[in-house]
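**Student:** Chains as they are written, first to last, in our numbering: chain A, 249 to 576; chain B, 24 to 192; chain C, 1050 to 1546. Where is the CB? At the ideal position from N, CA and C, for every residue including glycine. Encoded as structure tokens, here's the structure I'll be asking about.
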Amino acid sequence: MAFNINYRRLVIAAVIIILSPVACNNGTEAPFPSNPITFVVNWPAGGGMDRAGRLVAEYARKRLDVPIAVINVSGAGGATGVRHVAESDPDGYTVGILGASLVASQYINPNANSVDDIDIISFIGPDPAALQVRSDSGINSLEDYVQRAQSDPTPIKNGNDAPGGVSHIAATLLQRLTNIELTLVPYRGYAPTVAAIVSGEVQSSTLPVHQLIDQHEAGDIKILGVMSEERHFMAPDVLTFKEQGIDLVTGDWRAIYLPNNIPEDRHAFLETLFFETISDPEFQEAARQLSFFITPMMAEETKQFVEDFDRSLYPVLLENGLVKARQK
Amino acid sequence: MSENSSGFGPKNQFAAGLFLMVWSVIGWLSLIGSPALWVNEYGVDPGPSLLPIISLTILSLGALALIGTGALQTLVQQHARTRYWAMLIKGSLMPGLFAISLIVYITLIDVVGFIPMSAIFSITWMYILGVKSGNRTYSSLLPLVAIGTFIGVGLIYFVFLYLIGVPIG
Amino acid sequence: MITEFFSIASAVATDPYLLGLSALGTILGILMGCLPGISSTMALAILLPVTYAMSPLAAMVFLMAVFSASVFGGSISAILINIPGTPGAIVTQLEGYAMTKDGRASEALTYSLFSSTIGGIVGLIILMLVAPLVAKAAMQFRSPEFAMTTVFGLTMLAYSTPGSTFRGILSGVIGLLCGMVGFDLVTDVPRFDFGTSALQSGIGLVPLTVGLFGLAEVFRGIEGGVKGARKTPKLGTLVPSFEKVRRLWKTILRGSALGAIIGAIPAAGSAIAVAVSYAQEQRFSKRGNKFGTGVPEGLAGPEAANNACVGGALVPLMTLGIPGDTMTAVLMGALLIHGLRPGPMLFAERPDFVASVYVALFLALLLTVVFGFLLVRHFVRLMRTPDHILLVIIAMLCVVGSFAIRNNITDVYIMIAFGVIGYVMNRLDIPVAPLAFGLILGPILEENLRRSLIISDGSWLVFIERPIALTMLVLSVSALVFPLLQRAKILASNLKR
């Protein structure tokens, strides 16, 4: 008998739970944001983009009364996550983080979104590429490297991403600007590339600075140059390419974006929120620990940056036969 | 032939071969339909079509072998009539219905919302399967279905949607 | 190293806060690991921000507990509902789920818990004693070796799959083809995508295994009119008799050794280790021909190997600063946020830190046993839920779990498709496990094969010139040829008669 009573209670509880979301929607309009915000990372959990995204979300949450849920929508080289945000309701409750892959995949992948399909609201920072060589290769400077590549009949093997990836683009740009021929060996992601150069399968790599900083300090690997405007805070002794006479600035970067057509006030709210979060010294300190370069920018500047990046990237992709989706 | 001794019936051989053949036909069609794979300008890289061709060749030959042995055995051995095909289709009826209802379920989650749609799906199938299993009276079935739905849907909602924030529905 | 290990161990063992954290991490890890769709990586990534405010030692204690416990959690769902939580658990279910169907679920879980703990400890000991050596050996493993080891893994699997070897190979080939869906790594050309963006990201391992094993099993339960799909599990005694465990000693040690060594190879580690261990146990076991019907050796060996890989996977991270898989990548992120950059420098200069990682892992292993034993009983009790309720809940879990892994609705459709495919393959007596392995190993094989050729400038000799690659190649060929020779002999003698 006792069982039956329990059953009845549970049935009632079940009905209440099932109906409760219907009842919730009847309230009056609260000031934005009144619901949890979804923060979309377009790469899988555990990677650099995920780390950056979760850190930004964590610090943005402290400035809000509502929670931020970080989700990973990955696939198709980052394009799936961008699509998820681009096609979400333009109510300001879906925010995303993305990087250079957006610009590349709009040309490579016919099914990817273009830069115009989304609204980039703030810049987090660049993640410049660099050129690393094994110390036992006997190459000591960028000049040596170029000379070796031009004179040696067997091309230097360089470890990088699949075509269209950031370190592949860096390697291609390097070839173009210095007139050298490398054998580009593709790896799936940064960690396998690191393993490849450490084990000696390739002689050089075009990875971001922080990937091999420890080996650089230990002396097994030498970073010949950084492909950024200014030197990297983690390797202040390493010259930039520009300082060495080669005008090569490239690499990944990270930015926050929204779907298009967000109401004016919510757009402004989110733009300020993320700009302030990224400018927060406490956040910047945490980000430095994770080896992220932080240079906050508001929407206007960020859009200009992305446009410039787009312009420098297009010829590289065209040359590699990677412009398959839309022409420029 | 090992196939003979492993105790597969001839019709099973034939059906398994057919199943594998469907895969290889779809594979070949897709491969032939993507001209980008046939461009041979990859230098020392054997290209993106090498492994697909090897795999599809193995699969097609294997499928043909199974179909062949199946057909031969049926002709030679004059097996007793075992309504194999009818049994195969009849047995798959309920699972097929279940699969279709799953697709309807996930399509409607977006429209109706996760909790109501899951509750409908869960109550319906728990009830149908409960009746089918036949060892319960209708009155004892209802509370059990309600509790099962409540706990099942509630738990999934709590862990996946509430705690982790999975954006389904 | 040993002195640091003990001094930190005693510090941790007397600190109720750290013990509590480890316990919490263990429980969360087991619970998250056993839910389909929450991978170890996801569990770690979700819990990572919690550790930002902790001390580095506390963060390590907590995350190691989650890491190690979620691997065991993955085995729970493999054994109870035929859904492997991690790639390493795919073999677990071959024997484990067979035992569950036989009403021996708690026995299976206990074997799994026992052998995974020993595997984990052996892995840890090897990590502690010879990490730099293992790392050096692992660095000898380059693209040609990867390619040939993968070939070896595939042949071992084809050779050991329960059921027909011939059909096993064909099923593995389907897996290879599924692994090719999406963008090609070397050229970035989409393959087998049928022109839709849905298939461009490829077929994920989680949707595939959840469908192929989990949902297919639900279909099978429904087909059987629900009745008699499974025997109701007996709770039974949890601790198997000493005699039973003693008989598994060698199996567990063999599995552990394999796992610790193969686990240090980045990316391929656990999947190949369990496949090799399963094949090996089938060879050694007197009940080899009964594999697939619930033989403890076939469960204990791979489980030990799977968990020994945890230690192995940490080797490249600790010694070289290279995360071998996504799980160790999250751990690396956790260390970075505290200003600790794992790598050769940290390994040489901060033995106390290195020791604290070992202590954290050791504590996690111990607590996994404790909470594992406490929880197993309850998990098994869950299986006493009437089938018509349980099957529907599992089906919904399959849907939400396959969605949650990438938050992509395509994955759910893929999961359902593979549910149907798995069901059909069961009906037609085509083994399904090789398909899943083909999907895991196929891309690794192709990528490394083609990369080897790029590096060797197109010369196929690269696979023969390098000793490790050659060994693997010879082993694979002989594994395929010897059974054929034997069969030919039997056939010949049959013909004579």
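Kindly list, in the order they appear in chain A, the residues whose Cβ is closer than 9 angstroms to that of C/Met1188.
**Tutor:** On the third sequence, position 139 is the one that residue 1188 of chain C refers to. Those within 9 angstroms of C/Met1188 in chain A are Ala443, Val446, Ser447 and Gly448.
**Student:** With a floor of 4 residues, list each alpha helix (DSSP H) that falls wholly inside the stretch 1105 to 1150 of chain C, ordered by position along the chain.
**Tutor:** Here the runs fully enclosed are 1105 to 1130 and 1141 to 1150.
**Student:** Cα-Cα, which of C/Met1109, C/Val1364, C/Ala1247 and C/Met1197 is closest to C/Ala1187?
**Tutor:** Mapped onto the third sequence, residue 1187 of chain C falls at position 138. Nearest option by C-alpha distance: C/Val1364.
**Student:** Are the beta-carbon atoms of A/Gly340 and A/Ile461 separated by less than 9 angstroms?
**Tutor:** Within the first sequence, residue 340 of chain A is the residue found at index 92, counting from 1. Within the first sequence, residue 461 of chain A is the residue found at index 213, counting from 1. Against a cut-off of 9 angstroms, the Cβ pair of A/Ile461 and A/Gly340 comes out as no contact.
**Student:** Got a sec: which bits of the stretch 280 to 304 of chain A sit with their beta carbon under 8 angstroms from any beta carbon on chain B, in order along the chain?
**Tutor:** Per Cβ criterion, the list reads Pro284 and Thr286.
**Student:** Indicate whether at least one CB of chain A lies closer than 9 angstroms to the CB of C/Glu1352.
**Tutor:** Locating residue 1352 of chain C in the third sequence gives position 303, where the first residue counts as 1. By this cut-off, C/Glu1352 is not an interface position.
**Student:** Taking C-beta pairs closer than 7 angstroms, name the residues in chain B that A/Ala317 reaches, listed in chain order.
**Tutor:** Counted from its first residue, the first sequence places residue 317 of chain A at position 69. In chain order: Gly188.
**Student:** Counting only C-beta atoms, is C/Glu1495 closer than 9 angstroms to chain A at any point?
**Tutor:** Within the third sequence, numbered from 1, the residue matching residue 1495 of chain C stands at position 446. No, C/Glu1495 lies away from the interface with chain A (no Cβ there is under 9 angstroms from its Cβ).
**Student:** Per DSSP, A/Ile469 is paired with what?
**Tutor:** Taking the first residue of the first sequence as position 1, residue 469 of chain A is located at position 221. For A/Ile469, which the question treats as bridged, DSSP gives the partners A/Arg382.
**Student:** What's the call for C/Arg1500, buried or exposed, on a 16-neighbour Cβ count within 10 Å?
**Tutor:** As a first step, residue 1500 of chain C is located in the third sequence; it is residue number 451 there, counting from the start. C/Arg1500 should be labelled buried.
**Student:** DSSP state of A/Ile504, grouped into three classes?
**Tutor:** Taking the first sequence and counting its residues from 1, the one referred to as residue 504 of chain A is at position 256. Reduced to three states, the DSSP call for A/Ile504 is strand.
**Student:** In this structure, how does DSSP classify B/Glu26 when only helix, strand and coil are distinguished?
**Tutor:** Against the second sequence, residue 26 of chain B aligns to sequence position 3. Its pLDDT being 39, under 50, B/Glu26 is placed unreliably by the model, and the measurement read from it follows with that caveat. B/Glu26: helix per DSSP, three-state reduction.
**Student:** Where does C/Phe1054 sit, in a helix, a strand or coil, going by DSSP?
**Tutor:** Against the third sequence, residue 1054 of chain C aligns to sequence position 5. Correct three-state label for C/Phe1054: helix.
**Student:** Inspect the CB distances between the stretch 1064 to 1080 of chain C and the stretch 1112 to 1130 of chain C and report whether three or more fall short of 8 angstroms.
**Tutor:** These segments touch.
**Student:** Taking the C-alpha atoms as reference points, what is the distance between A/Gly473 and A/Ile494?
**Tutor:** As a working note, residue 473 of chain A is residue 225 in the first sequence. As a working note, residue 494 of chain A is residue 246 in the first sequence. Each residue's alpha carbon lies about 10 angstroms from the other.
**Student:** Express the C-alpha separation of C/Arg1332 and C/Phe1201 in angstroms, rounding to a whole number.
**Tutor:** As a first step, residue 1201 of chain C must be located in the third sequence, where it is residue number 152. As a first step, residue 1332 of chain C must be located in the third sequence, where it is residue number 283. Roughly 16 angstroms between the two C-alpha positions.
**Student:** Under the assumption that C/Ile1175 contacts C/Gly1341 (Cβ atoms under 8 angstroms), give the Cβ distance between them as a whole number of angstroms.
**Tutor:** As a first step, residue 1175 of chain C must be located in the third sequence, where it is residue number 126. As a first step, residue 1341 of chain C must be located in the third sequence, where it is residue number 292. Actually they do not touch by this definition, with Cβ atoms about 31 angstroms apart.
**Student:** Taking Cβ positions, are C/Val1061 and C/Val1408 nearer each other than 9 angstroms?
**Tutor:** Within the third sequence, the letter at position 12 stands for residue 1061 of chain C. Within the third sequence, the letter at position 359 stands for residue 1408 of chain C. Yes, Cβ-Cβ distance for C/Val1061 and C/Val1408 is below 9 angstroms.
**Student:** Taking a contact to mean a Cβ-Cβ separation below 9 angstroms, would you say A/Val381 touches A/Ile469 in this structure?
**Tutor:** Against the first sequence, residue 381 of chain A aligns to sequence position 133. Against the first sequence, residue 469 of chain A aligns to sequence position 221. Yes, these two residues count as a Cβ contact at 9 angstroms.
**Student:** What residues from chain A crowd round C/Val1408, counting only those whose CB sits closer than 9 angstroms?
**Tutor:** Position 359 of the third sequence, counted from the start, is the residue given in the question as residue 1408 of chain C. Result: empty, since nearest Cβ-Cβ is about 23 angstroms, beyond 9 angstroms.
**Student:** For a minimum of 4 consecutive residues, which ranges assigned as the alpha helix (DSSP H) are wholly contained in the stretch 1193 to 1256 of chain C?
**Tutor:** The stretch 1193 to 1256 of chain C contains these whole alpha helix (DSSP H) runs: 1214 to 1228.
**Student:** On the three-pair Cβ rule with 8 angstroms, is the stretch 1220 to 1232 of chain C touching the stretch 1486 to 1495 of chain C?
**Tutor:** Result yes; three or more Cβ-Cβ pairs closer than 8 angstroms.
**Student:** Which term fits B/Tyr161, buried or exposed, when burial requires 16 or more other beta carbons within 10 angstroms of its beta carbon?
**Tutor:** Your numbering for residue 161 of chain B matches position 138 in the second sequence. Under this definition B/Tyr161 is an exposed residue.
**Student:** Can you tell me which residues form a DSSP beta bridge with B/Thr80?
**Tutor:** Here residue 80 of chain B corresponds to residue number 57 of the second sequence, with the count starting at 1. DSSP output for B/Thr80 lists no bridge partner at all.
**Student:** With DSSP as the reference, label A/Asp313 as helix, strand or coil.
**Tutor:** Within the first sequence, the letter at position 65 stands for residue 313 of chain A. Residue state, collapsed to three classes: coil.
**Student:** Throw me the rounded Cβ distance for the A/Leu455 and A/Val442 pair, which I believe falls under 8 angstroms.
**Tutor:** Counting from 1 along the first sequence, the entry for residue 455 of chain A is found at position 207. Counting from 1 along the first sequence, the entry for residue 442 of chain A is found at position 194. Their Cβ separation, rounded to whole angstroms, is 7 angstroms, which keeps A/Leu455 and A/Val442 in contact under 8 angstroms.
**Student:** Closer than 8 angstroms by beta-carbon distance: list the chain C residues that pair up with A/Ala439, in chain order.
**Tutor:** The sequence position of residue 439 of chain A within the first sequence is 191, counting from 1. Simply Pro1315, Ile1371, Pro1372, Gly1373 and Ala1378.
**Student:** For the alpha helix (DSSP H) containing C/Asn1497, list its first residue and its last residue.
**Tutor:** Here the question's residue 1497 of chain C lines up with position 448 in the third sequence. Here the alpha helix (DSSP H) through C/Asn1497 covers Ala1482 to Ile1504.
**Student:** Under DSSP, the beta strand (DSSP E) around A/Phe371 begins and ends at which residues?
**Tutor:** Locating residue 371 of chain A in the first sequence gives position 123, counting from the first residue. Where A/Phe371 is concerned, the enclosing beta strand (DSSP E) stretches over Ile366 to Pro376.
**Student:** Closest Cβ-Cβ distance between C/Gly1122 and chain A: below 9 angstroms?
**Tutor:** Here residue 1122 of chain C refers to the residue found at position 73 when the third sequence is read from its first residue. Taking Cβ atoms only, chain A never reaches closer than 9 angstroms to C/Gly1122, which makes this a no.
**Student:** For the stretch 410 to 426 of chain A, which residues have a CB atom closer than 8 angstroms to at least one CB atom of chain C, in sequence order?
**Tutor:** Answer set for the stretch 410 to 426 of chain A: Ala410, Pro411 and Gly412.
**Student:** If you measure beta-carbon to beta-carbon, which residues of the stretch 1221 to 1239 of chain C are closer than 7 angstroms to chain A?
**Tutor:** Cβ contacts with chain A come from Phe1232, Leu1234, Val1235, Thr1236 and Asp1237.
**Student:** For B/Tyr48, would you say it is in contact with chain C, using Cβ-to-Cβ distances shorter than 9 angstroms as the test?
**Tutor:** By 1-based counting over the second sequence, the position of residue 48 of chain B is 25. The sequence shown places Val at residue 48 of chain B, not Tyr. No, no contact with chain C.
**Student:** Let me know if A/Val394 comes out buried or exposed under the rule of 16 or more other beta-carbons within 10 Å of its beta-carbon.
**Tutor:** Sequence index remark: in the first sequence, residue 394 of chain A carries index 146 (1-based). Its Cβ being crowded by 16 or more others within 10 Å, A/Val394 is buried.
**Student:** Would you kindly work out how many angstroms separate the C-alpha atoms of C/His1387 and C/Ile1057, rounded to a whole number?
**Tutor:** Within the third sequence, numbered from 1, the residue matching residue 1387 of chain C stands at position 338. Within the third sequence, numbered from 1, the residue matching residue 1057 of chain C stands at position 8. C/His1387 and C/Ile1057: Cα-Cα distance of roughly 19 angstroms.
**Student:** Measuring only between beta-carbons, confirm whether C/His1387 sits less than 9 angstroms from chain A.
**Tutor:** Your numbering for residue 1387 of chain C matches position 338 in the third sequence. Cβ-Cβ to chain A under 9 angstroms: yes for C/His1387.
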